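J.: Would you mind keeping the following structure in view while I ask a few things?
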Amino acid sequence: MKKIFITLSFFLFPLLSLYSQKIGILDYFQYKPENYKPMIGNHYSFVDKDGKVKTIGGVYYDEQLGKYFIFSDDFLNINTYLFVPEGMEVKSLNDLKNIHVGVIKGTFAEKYLFKNFPFLKLTVFLETEDMMKSVSKNEITAFVHNFPNAMFFLSRFEMYRKFKPIRLFEPKEISSGNKNEDQKFVFYSDNELTEIEEKNIQEKNSSFYSIPVLIGLSVFIIWLVLRRKKRKVKILKIPSERWSLLFHQGENDQLEFKASLRWDYKNSQINKILEYTVAKTLCAFLNSSGGMLFIGISDSKDVLGLEEDYQTLGKHHQSRDGFILRLTSIINEYLGKEVHRFISIQVEEIEGKDIALIQLSPSSHPVFLMLKDREEFFIRTAASSQSMGLRESHNYIRMKWG
Numbered sequence: 003m004k005k006i007f008i009t010l011s012f013f014l015f016p017l018l019s020l021y022s023q024k025i026g027i028l029d030y031f032q033y034k035p036e037n038y039k040p041m042i043g044n045h046y047s048f049v050d051k052d053g054k055v056k057t058i059g060g061v062y063y064d065e066q067l068g069k070y071f072i073f074s075d076d077f078l079n080i081n082t083y084l085f086v087p088e089g090m091e092v093k094s095l096n097d098l099k100n101i102h103v104g105v106i107k108g109t110f111a112e113k114y115l116f117k118n119f120p121f122l123k124l125t126v127f128l129e130t131e132d133m134m135k136s137v138s139k140n141e142i143t144a145f146v147h148n149f150p151n152a153m154f155f156l157s158r159f160e161m162y163r164k165f166k167p168i169r170l171f172e173p174k175e176i177s178s179g180n181k182n183e184d185q186k187f188v189f190y191s192d193n194e195l196t197e198i199e200e201k202n203i204q205e206k207n208s209s210f211y212s213i214p215v216l217i218g219l220s221v222f223i224i225w226l227v228l229r230r231k232k233r234k235v236k237i238l239k240i241p242s243e244r245w246s247l248l249f250h251q252g253e254n255d256q257l258e259f260k261a262s263l264r265w266d267y268k269n270s271q272i273n274k275i276l277e278y279t280v281a282k283t284l285c286a287f288l289n290s291s292g293g294m295l296f297i298g299i300s301d302s303k304d305v306l307g308l309e310e311d312y313q314t315l316g317k318h319h320q321s322r323d324g325f326i327l328r329l330t331s332i333i334n335e336y337l338g339k340e341v342h343r344f345i346s347i348q349v350e351e352i353e354g355k356d357i358a359l360i361q362l363s364p365s366s367h368p369v370f371l372m373l374k375d376r377e378e379f380f381i382r383t384a385a386s387s388q389s390m391g392l393r394e395s396h397n398y399i400r401m402k403w404g
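Structure follows, in structure tokens:
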């Protein structure tokens, strides 16, 4: 039987398989890992606090399927920004008539700009890296990218510092799809879903774990650790004057806020569990696509600062340097010293209070969170740090690091 393949995060496979079987759509769809080629469109998923799948991110749509599902409330907003050189005054898109503008293929921005502003000199790119190379060669003057993803991805490029972001679109609605009456399709819409081709997908037979497999996993992980590169990964620091742009975004797969490193505001005391949760977040970012963690910002985006954390440190360490020293110690304890080459730590004053920003690049090898009696493996998905079991970890490691 012909099936439609849907690219999704590998972590969601067990949940999606059970859910798909329950609602009866396995005869129509085959899930593939997100790095399965060709990549098609964007996809999102939403898991509630009980771990139950509320929506399934998909990319397939045609008129026939359009009869089978409806859309509910928004659960994610994306802002699209135009990045122009510092000093360039842009009051409207009419100011860009003779300017070459880069845009990523398949995005809402590409379709919207081509349709509504045909006078723009648009250059379409498959990847952000390709677009930024054209910027460095002065082949394009400005470019369009989604936010907050742009703030993380673009920070890897030196020329990024020379650009300022201008909001191009209001938040774009991404809705969760629900079953329409008794139909059997649960997907989402981002207003312009992408149509893909039908493919013949051959399902692989699954196998159960055995002692040889566990031994093989251990050897595989050791081999990965030994072959990893030792050089420091370059992470360009985000200017503090742009941090406020991130404060207004909700937490997502590459952005999280923590009120403190070790001070428990609720119980007014030091809480070591908070240090563990910070390490868990860093571990998840390293094992996924990287990300940014702010410390000193509450979930409601209030600027709390680091003063309470400073007071928990030794008498001679109640400062930025003391905070960074403690954070470094936590990283060493839970994740190991080797991961520091993927991490950048900044402490800057925002609204009169010190705030910490930790930027992380994807690790070149699996990173485990080390406890006294066990090790844990986390990835970033559904805007949270999710733990993976042994079997899931093995599959994820094999797919991501090969």
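Be aware that the sequence shown starts at 3, since it is given in the numbering used here, and climbs by one per residue. We put the beta carbon where it would ideally sit given N, CA and C, even for glycine. Computed from a prediction, not measured in an experiment: that's the story for all the values here.
Could you check if GLY293 is buried or exposed, using at least 16 other CB atoms within 10 Å of its CB as the buried criterion?
T.: Classification of GLY293: buried, given that the 10 Å Cβ count is 16 or more.
J.: Report, in whole angstroms, the separation of the C-beta atoms of TRP265 and THR330, which I expect to be a contact under 8 Å.
T.: About 18 Å separates the two Cβ atoms, so there is no contact after all.
J.: For TYR398, count neighbouring C-beta atoms within 10 Å of its own C-beta (all shown protein chains included) and say buried if the count is 16 or more, exposed if not.
T.: Per the 10 Å Cβ criterion, buried.
J.: Within 10 angstroms of the Cβ of GLU199, are there 16 or more other Cβ atoms? Answer buried if so, exposed if not.
T.: At GLU199, the pLDDT of 22 sits below 50, so the modelled position is not reliable and the matter cannot be decided from this model.
J.: Residues in its own chain within less than 7 Å of PHE344 by CB, not counting five upstream and five downstream?
T.: Counting only Cβ-Cβ distances below 7 Å, and skipping sequence neighbours, we find VAL235, LEU288, LEU362, SER363, SER365.
J.: Taking Cβ to Cβ, would you say ILE168 is nearer than 8 Å to THR130?
T.: Result no, Cβ atoms of ILE168 and THR130 do not sit closer than 8 Å.
J.: Note down, in chain order, each residue of its chain lying with its Cβ closer than 7 Å to the Cβ of GLU378, except the 5 sequence neighbours on either side.
T.: Closer than 7 Å at Cβ, skipping near neighbours: PHE370, LEU371, SER389.
J.: Going by beta carbon distance, what residues of the same chain come within less than 6 Å of GLN204, once the five residues before and after it are set aside?
T.: Its pLDDT being 25, under 50, GLN204 is placed unreliably by the model, and nothing is read from it.
J.: Quick one: what does DSSP say LEU373 is sitting in, helix, strand or coil?
T.: Note: LEU373 maps to coil in three-state DSSP.
J.: Just checking my contact of ASP301 with LEU263 at CB under 8 Å: how many whole Å lie between their CB atoms?
T.: No, ASP301 and LEU263 are not in contact; Cβ-Cβ is about 15 Å, not under 8 Å.
J.: Is VAL280 closer than 8 Å to ILE352 when the C-beta atoms are compared?
T.: No, the Cβ-Cβ distance between ILE352 and VAL280 is not below 8 Å.
J.: Can you give the beta carbon distance from ILE381 to ALA286, rounded, assuming they're within the 8 Å contact cut?
T.: Yes, they are in contact, since the Cβ atoms of ILE381 and ALA286 sit about 6 Å apart, within 8 Å.
J.: Spell out the partners DSSP gives LYS355 in its beta bridges.
T.: Answer is ILE352, bridged to LYS355.
J.: For ALA144, list the residues DSSP reports as bridge partners.
T.: Per DSSP, VAL103.
J.: Would you mind working out which of ASP255, ILE237, SER290, ASN100 sits nearest PRO368, comparing C-alpha positions?
T.: Of the candidates ASP255, ILE237, SER290, ASN100, the one whose C-alpha sits nearest the C-alpha of PRO368 is SER290.
J.: What ranges does the alpha helix (DSSP H) occupy inside the segment 112-146, keeping only unbroken runs of at least 4 residues that lie completely in it?
T.: Correct list: 130-138.
J.: Taking the Cβ atom as the reference point for each residue, do LEU128 and VAL103 lie within a distance shorter than 8 Å?
T.: Not closer than 8 Å, so no.
J.: With H, G and I counted as helix, E and B as strand and the rest as coil, what does DSSP make of TYR83?
T.: Correct three-state label for TYR83: strand.
J.: DSSP beta-bridge partners for PRO167?
T.: The partner list for PRO167 (beta bridge, DSSP) reads PHE85.
J.: Considering only residues of the same chain and omitting the five flanking positions on each side of GLN320, which have a CB-CB separation below 6 Å?
T.: Contacts found: TYR312.
J.: List the endpoints of the continuous alpha helix (DSSP H) containing GLU406.
T.: Missing from the structure shown is residue 406; the chain here goes from 3 to 404 and no further.
J.: Less than 8 Å between the beta carbons of GLY298 and ASP375, yes or no?
T.: It is not a contact, given that the beta carbons lie outside the stated cut-off.
J.: Put GLU183 into one of helix, strand or coil per three-state DSSP.
T.: The predicted model places GLU183 with a pLDDT of 35, which falls under 50 and marks its position as unreliable, so this point remains unresolved.
J.: What are the boundary residues of the beta strand (DSSP E) that includes LEU295?
T.: Its beta strand (DSSP E) spans residues 293-297.
J.: How would you label PHE116, buried or exposed, when you count the other beta carbons within 10 angstroms and need 16 or more for buried?
T.: The residue is exposed, with fewer than 16 neighbouring Cβ atoms inside 10 Å.
J.: Considering only residues of the same chain and omitting the five flanking positions on each side of ASN37, which have a CB-CB separation below 6 Å?
T.: A caution first: ASN37 carries a pLDDT of 38, below 50, which makes its placement in the model too unreliable to give a value.
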